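Notes to accompany the following structure.
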Amino acid sequence: MGNNQTVSANQPGPDMKMVPPPECPMHGAGAQRAQDSPADSRLSMLPSECPMSGGGGQTLLPQQPESDINPDNRMPPPNQQPAPDQPFLLPTERVVSSIPKAGQEGERWVYPSPQMFWNAMLRKGWRWKDDALSQDDMQNIISIHNANNEQAWEEVLRWEALHARECPCGPKLAKFGGKAKEFSPRARMRSWMGYELPFDRHDWIVDRCGKQVRYIIDYYDGGSVKENFQFTILDVRPALDSFGAVWDRMRVSYWRWTTSPPKDTNKEELKLAKDFPEGRQKV
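In our numbering, the protein residues as written are 169 to 451.
Below, the structure written as structure tokens:
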């Protein structure tokens, strides 16, 4: 795991927008343009990463065998070296999240550094010259990415409070994956009603004390970036993969329309019933 270090970031203005690739859980319609800055001559002295390229999927380079890909997130080993033609150096410090990691007692997921994020965007086909991002822009994008994931995990914990009795030790995140172009049935139904489609979707596999549960997270554009780096509206819910998930969603839907949960509801569920109508961002 990485160390728990942070990199200072400039606070974004009220109207700032970022344009990371659509596969990432943050996206905006416009971008804050930075003035062109000359490439740092030191970059030519450092080893560089050859980004992957591909159409619908990623094509591995000879030096990046399939066996090196992390099966949890389908990403190659973290690369902290500057990419070819990168216009400036980026920090390599990483931040430890609040999200516990399944299968590794006491460990938590670690967020990518700005340099790792830059390299990951290049692998997905992004080209920095099209957006003219600055160092501060990249740090703000990282802050938005981290804030969105923390917010998503808080939403998962609200759902998992329904199962506090069967899993007193609490849930952990086992793995995750992006499905930006695979709209969920709920998102499609909303679009038929005239609402916008989400700009991204992630599926998270949560370990509930040995039982794996899939969650769907739809990301909607919430407007300008706030001071806490949250501008995305999240729609987080368990996938309808089992009767238990269907029952959970039925209960929560009932609670949203009533103010009187059943008398046998435990205190964790009562808190959940109180949080959902106001605390959860509805779309």
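Quick reminder that beta carbons are idealized off the backbone N, C-alpha and C, glycines included.
Here the structure is a predicted model, which means the values were calculated and not measured.
| Asked | Found |
| --- | --- |
| Using three-state DSSP, classify residue 277 as helix, strand or coil. | strand |
| What span of residues does the beta strand (DSSP E) with residue 372 cover, start to end? | 368–376 |
| Please work out which residues of its chain come closer than 8 Å, Cβ to Cβ, to residue 320, disregarding the five sequence neighbours upstream and downstream, and give them in chain order. | 193, 370, 372, 385, 402 and 404 |
| Does the pairing of the segment 331–342 with the segment 267–280 give three or more beta-carbon distances under 8 Å? | yes |
| Is residue 422 helix, strand or coil when you go by DSSP? | helix |
| Nearest by alpha-carbon distance to residue 256: which of 306, 323 and 329 is it? | 306 |
| So, helix, strand or coil for residue 263, using DSSP? | coil |
| Name the two residues that bound the continuous beta strand (DSSP E) containing residue 297. | It is not in any beta strand (DSSP E) - residue 297 instead sits in the alpha helix (DSSP H) that spans 296–299. |
| Could you tell me the boundaries of the alpha helix (DSSP H) in which residue 341 lies? | From DSSP, residue 341 is part of no alpha helix (DSSP H) but of the beta strand (DSSP E) over 340–346. |
| Does DSSP put residue 405 in a helix, in a strand, or in coil? | strand |
| Would residue 276 and residue 335 qualify as a contact pair, given that the criterion is a beta-carbon distance under 7 Å? | no |
| Comparing alpha-carbon positions, which option in 304, 352 and 374 lies nearest residue 323? | 374 |
| Can you list, in chain order, the residues of its chain with a C-beta nearer than 6 Å to that of residue 328? Leave out the 5 residues immediately preceding and following it. | 339 |
| Apart from the five residues on each side of it in sequence, which residues of its chain come closer than 6 Å, Cβ to Cβ, to residue 283? | 248, 258 and 260 |
| Can you tell me which of 349, 406, 315 and 337 puts its alpha carbon nearest to the alpha carbon of residue 274? | 337 |
| Kindly identify the DSSP beta-bridge partner or partners of residue 380. | 375 |
| In angstroms, rounded to a whole number, what distance separates the CA positions of residue 316 and residue 348? | 15 Å |
| Take residue 409 as the anchor and find which of 390, 379 and 303 has the nearest alpha-carbon. | 379 |
| I'd like to check one pair, residue 383 with residue 406: are the Cβ atoms closer than 7 Å? | yes |
| Would the beta-carbon of residue 368 fall within 7 Å of that of residue 388? | no |
| Under the rule that 16 or more other beta-carbon atoms within 10 Å means buried, what is residue 415, buried or exposed? | exposed |
| Relative to the alpha-carbon of residue 250, which residue among 287, 240, 418 and 280 has its alpha-carbon at the smallest distance? | 287 |
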